[in-house]
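If you're matching them up, the sequences are chains A and B in order. For the first sequence, numbering that gives the first Met the number 0 begins at 0 and goes up steadily by one. For the second sequence, numbering that gives the first Met the number 0 begins at 0 and goes up steadily by one. No residue lacks a Cβ here, since even glycine has one placed at the ideal position from N, Cα and C.
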Amino acid sequence: MTAVGTESGEGRLSAVSTVSAERLATLFVEAADTLVDEFDVVEFLQMLTRRVAGLFETGEVGLMLADHRHRLTFMAASDESARLMELFQLQYGDGPCLDAFHTGRPVINVNLAAATDKWPGFAPRAALAGFESVHAFPLRLRKEVIGAMGVFGSATELDASDILVVQSLADVAVIGLLQERAIRRGEVLSGQLQGALNSRVVIEQAKGIVAQANGVTPDEAFALIRDFARRNNRRLSEVAGNIVADLPVLPDLADR
Amino acid sequence: MIVVDDGIIRVARLVADEPARASDRGGVGGVLRRLCTAAERTLSASGVGVSVVGQEGMRGVAAVSEQAYGPIEELQFTLGEGPCLDAFTTRQPVLVPCLANGAMTRWPGYAPALHDLGMRAVFAFPLQVGAARLGALDVFRVEPGPLTDGEFRDALTFADMAVTTLLDGQERAAPGTMADGLDEVTGQRAELFQAQGMVAVQLGISLADALARLRAHAYAEDSALGEVARDVVARRLSFDSGQL
Numbered sequence: 000m001t002a003v004g005t006e007s008g009e010g011r012l013s014a015v016s017t018v019s020a021e022r023l024a025t026l027f028v029e030a031a032d033t034l035v036d037e038f039d040v041v042e043f044l045q046m047l048t049r050r051v052a053g054l055f056e057t058g059e060v061g062l063m064l065a066d067h068r069h070r071l072t073f074m075a076a077s078d079e080s081a082r083l084m085e086l087f088q089l090q091y092g093d094g095p096c097l098d099a100f101h102t103g104r105p106v107i108n109v110n111l112a113a114a115t116d117k118w119p120g121f122a123p124r125a126a127l128a129g130f131e132s133v134h135a136f137p138l139r140l141r142k143e144v145i146g147a148m149g150v151f152g153s154a155t156e157l158d159a160s161d162i163l164v165v166q167s168l169a170d171v172a173v174i175g176l177l178q179e180r181a182i183r184r185g186e187v188l189s190g191q192l193q194g195a196l197n198s199r200v201v202i203e204q205a206k207g208i209v210a211q212a213n214g215v216t217p218d219e220a221f222a223l224i225r226d227f228a229r230r231n232n233r234r235l236s237e238v239a240g241n242i243v244a245d246l247p248v249l250p251d252l253a254d255r
Numbered sequence: 000m001i002v003v004d005d006g007i008i009r010v011a012r013l014v015a016d017e018p019a020r021a022s023d024r025g026g027v028g029g030v031l032r033r034l035c036t037a038a039e040r041t042l043s044a045s046g047v048g049v050s051v052v053g054q055e056g057m058r059g060v061a062a063v064s065e066q067a068y069g070p071i072e073e074l075q076f077t078l079g080e081g082p083c084l085d086a087f088t089t090r091q092p093v094l095v096p097c098l099a100n101g102a103m104t105r106w107p108g109y110a111p112a113l114h115d116l117g118m119r120a121v122f123a124f125p126l127q128v129g130a131a132r133l134g135a136l137d138v139f140r141v142e143p144g145p146l147t148d149g150e151f152r153d154a155l156t157f158a159d160m161a162v163t164t165l166l167d168g169q170e171r172a173a174p175g176t177m178a179d180g181l182d183e184v185t186g187q188r189a190e191l192f193q194a195q196g197m198v199a200v201q202l203g204i205s206l207a208d209a210l211a212r213l214r215a216h217a218y219a220e221d222s223a224l225g226e227v228a229r230d231v232v233a234r235r236l237s238f239d240s241g242q243l
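Structure (structure tokens):
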């Protein structure tokens, strides 16, 4: 299923490798820039998905990480449609990110219209959402695969150098995320990945709290939380943390 | 494509096979002691302890693999510092493969005391589900050196099991039955955490208690935890309508 660079010219909507060297360099620095005081892993992964999506003319990006029992968890997405694409894969147990995670290899240029046999749960739903082609990249640390990043787009075709760029970006982001520099120095370590997964769980719990308190769905609750965070220029994890900490006081996310 | 991981089943079996001792307390305490001893052997540790940190700063040692480790675990609370408390506070595992300079600076009271007792490495794992925090599991070693990848995964799985044991202890008479697959949520686990938040608001209880209630309901109804969570999120099931 990997037809690398089979099309060029008009059928090709975007090519990562046409992005300027300066822009790419900036991207790589951002992806590695995690040793800052106010590092927030969910924000970092959201930034990463948005930046990778920005490489494509039409493309959205979603990302999942696995826990110690190899259970994948949704972590971040460039927009709502990409989040749904990740959730479909988890719900129905098939899809490009799951394949990339299980094989440790990229899944490239899969035409959704022809992928129903391959992914009976995911492919028809992704096509219905308006996507035409999908790609997925494993998130790797040494020999271990810790998650996957999916790219959902129109008729976007990636060539070999595009694949290299996106995969390298994913690799750099993982190193940044897990702070491997600190790991190599053998200092007092912390389990960054476990912390990352747990902070996503806190967001889901906050969604449930706000959903129940306001009589809305969890998705609507997420929109409330996210909008509140944006309006007040606060981090998503921080707002979610406050919501769960304030239990049993019902949260108020109204304009203020 | 769903990969069923047998880690939790294997760990549950290790704990179940661990013989009881006359000194074991009943209920949760006894199960946790066997868990600590099974973890000690599996992780090539010299000692393992579970401490519970409750609301309003209530805290204490719940179980240790060997009685000698009770005071070692307790000392963190006396001094108010240590990897266990840091794992709890930061909500991440704290790994100290070599109890040397860095650790001495970070825990000026606890680290030297631990060193004097012959300990050379300590690893602490938070007992938590998102914002629901119960305590920490501590692994002590007399030899320095990191946990292998496999040991790290096993330690996290022992911590998972300690969480379910503590949760079920609040609701269920016979804890330690988590190998029955009830807690295995396949697919979207996000729904479980959302349901947890919803039930916490429905009943005005903590997130930890809400998860315990969800698990107890699944157990009582003999249904999968994921199904119960889905019903709560879809508002087919509510815990505040007096039906439970």
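C-alpha distance - residue i paired with residue j, whole-angstrom precision
i               : j               : result
G156 of chain B : V141 of chain B : A quick correction: the sequence has Thr, not Gly, at residue 156 of chain B. The alpha-carbon atoms of T156 of chain B and V141 of chain B are separated by roughly 22 Å.
I107 of chain A : A128 of chain A : 19 Å
D66 of chain A  : M74 of chain A  : 12 Å
G94 of chain A  : R233 of chain A : 33 Å
S77 of chain A  : E226 of chain B : 29 Å
A20 of chain A  : G6 of chain B   : 45 Å
A195 of chain A : L64 of chain A  : 9 Å
M160 of chain B : A99 of chain A  : 29 Å
T5 of chain A   : D158 of chain A : Low per-residue confidence applies at T5 of chain A: pLDDT is 39, beneath 50, and the placement is therefore not dependable, though the value from the model is reported in the following sentence. Their Cα atoms are separated by approximately 8 Å.
G26 of chain B  : G92 of chain A  : 37 Å
L126 of chain B : Q66 of chain B  : 21 Å
L138 of chain A : V93 of chain B  : 23 Å
D247 of chain B : V49 of chain B  : Outside the shown range of chain B (0 to 243) lies residue 247 of chain B, about which nothing can therefore be said.
E186 of chain A : L192 of chain A : In this prediction, E186 of chain A has a pLDDT of 48, which is less than 50 and means its spatial position is unreliable; what the coordinates show is noted afterwards. C-alpha separation (whole angstroms): 17 Å.
L89 of chain A  : Q187 of chain B : 5 Å
A178 of chain B : L13 of chain B  : Caution applies to A178 of chain B, whose pLDDT of 42 falls short of 50 and renders its modelled position unreliable; the value that the coordinates give is listed next. So the alpha carbons of these two residues sit roughly 11 Å apart.
N100 of chain B : L44 of chain A  : 33 Å
D167 of chain B : R214 of chain B : 8 Å
E42 of chain A  : A217 of chain B : 34 Å
T246 of chain B : Q75 of chain B  : Since the displayed chain B opens at 0 and closes at 243, residue 246 of chain B lies outside it and no answer follows.
A189 of chain B : L34 of chain B  : 28 Å
CB contact below 8 Å: residue i versus chain B
i               : result
L246 of chain A : yes
H134 of chain A : no
K206 of chain A : yes
F121 of chain A : no
A114 of chain A : no
R70 of chain A  : yes
Q45 of chain A  : no
N231 of chain A : no
Start-to-end residues for the alpha helix (DSSP H) that takes in residue i
i               : result
P111 of chain B : Y109 to D115
A92 of chain B  : The residue asked about is misnamed: residue 92 of chain B is Pro in this sequence, not Ala. No alpha helix (DSSP H) holds P92 of chain B; DSSP gives it neither H nor E.
G240 of chain A : L235 to A244
A15 of chain B  : G6 to D16
D208 of chain B : L206 to E220
R199 of chain A : Q191 to N213
A221 of chain A : It is worth fixing the name first, because residue 221 of chain A is Phe in this sequence and not Ala. Per DSSP, F221 of chain A belongs to the alpha helix (DSSP H) from P217 to R230.
Neighbour flag for residue i against chain A, beta carbons, 8 Å
i               : result
G180 of chain B : Here G180 of chain B scores only 44 on pLDDT, less than 50, and its place in the model should not be relied on; the value that follows carries that caveat. No, G180 of chain B lies away from the interface with chain A (no Cβ there is under 8 Å from its Cβ).
A240 of chain B : According to the sequence shown, residue 240 of chain B is Ser rather than Ala. Not an interface residue.
T147 of chain B : no
V71 of chain B  : The residue asked about is misnamed: residue 71 of chain B is Ile in this sequence, not Val. No, its Cβ sits nowhere closer than 8 Å to a Cβ of chain A.
G196 of chain B : yes
T163 of chain B : no
T156 of chain B : yes
F139 of chain B : no
F192 of chain B : yes
Beta carbon of residue i nearer than 8 Å to that of residue j
i               : j               : result
V198 of chain B : V231 of chain B : yes
V138 of chain B : V47 of chain B  : yes
A125 of chain A : F87 of chain A  : yes
L98 of chain B  : A120 of chain B : yes
V150 of chain A : V18 of chain A  : no
A86 of chain B  : F124 of chain B : yes
L111 of chain A : S132 of chain A : yes
D239 of chain B : V10 of chain B  : no
R199 of chain A : T72 of chain A  : yes
Q204 of chain A : L206 of chain B : yes
P105 of chain A : I145 of chain A : no
A147 of chain A : V201 of chain A : no
A19 of chain B  : G29 of chain B  : yes
Q193 of chain B : L210 of chain B : no
Span of the beta strand (DSSP E) around residue i
i               : result
L265 of chain A : Since the first and last residues shown for chain A are 0 and 255, residue 265 of chain A lies out of range.
D98 of chain A  : It is not in any beta strand (DSSP E) - D98 of chain A instead sits in the alpha helix (DSSP H) that spans P95 to T102.
V121 of chain B : A120 to V128
A135 of chain B : A131 to R140
Residue i: CB within 7 Å of a non-hydrogen atom of the ligand FAD
i               : result
K117 of chain A : No copy of the ligand FAD occurs in the structure displayed, which carries no ligand at all.
TODO: Tell me the start and end of each unbroken beta strand (DSSP E) in the stretch 29-105 of chain B that is at least 3 residues and wholly inside, in chain order.
DONE: Entirely contained in the stretch 29-105 of chain B, the beta strand (DSSP E) runs reaching 3 residues are, in chain order, 46-52, 58-63 and 93-95.
Just list the alpha helix (DSSP H) runs in the stretch 98-156 of chain A, keeping only unbroken ones of 4 residues or longer that don't cross its boundaries, in chain order.
Those alpha helix (DSSP H) runs which fall completely within the stretch 98-156 of chain A and span 4+ residues are 121-127.
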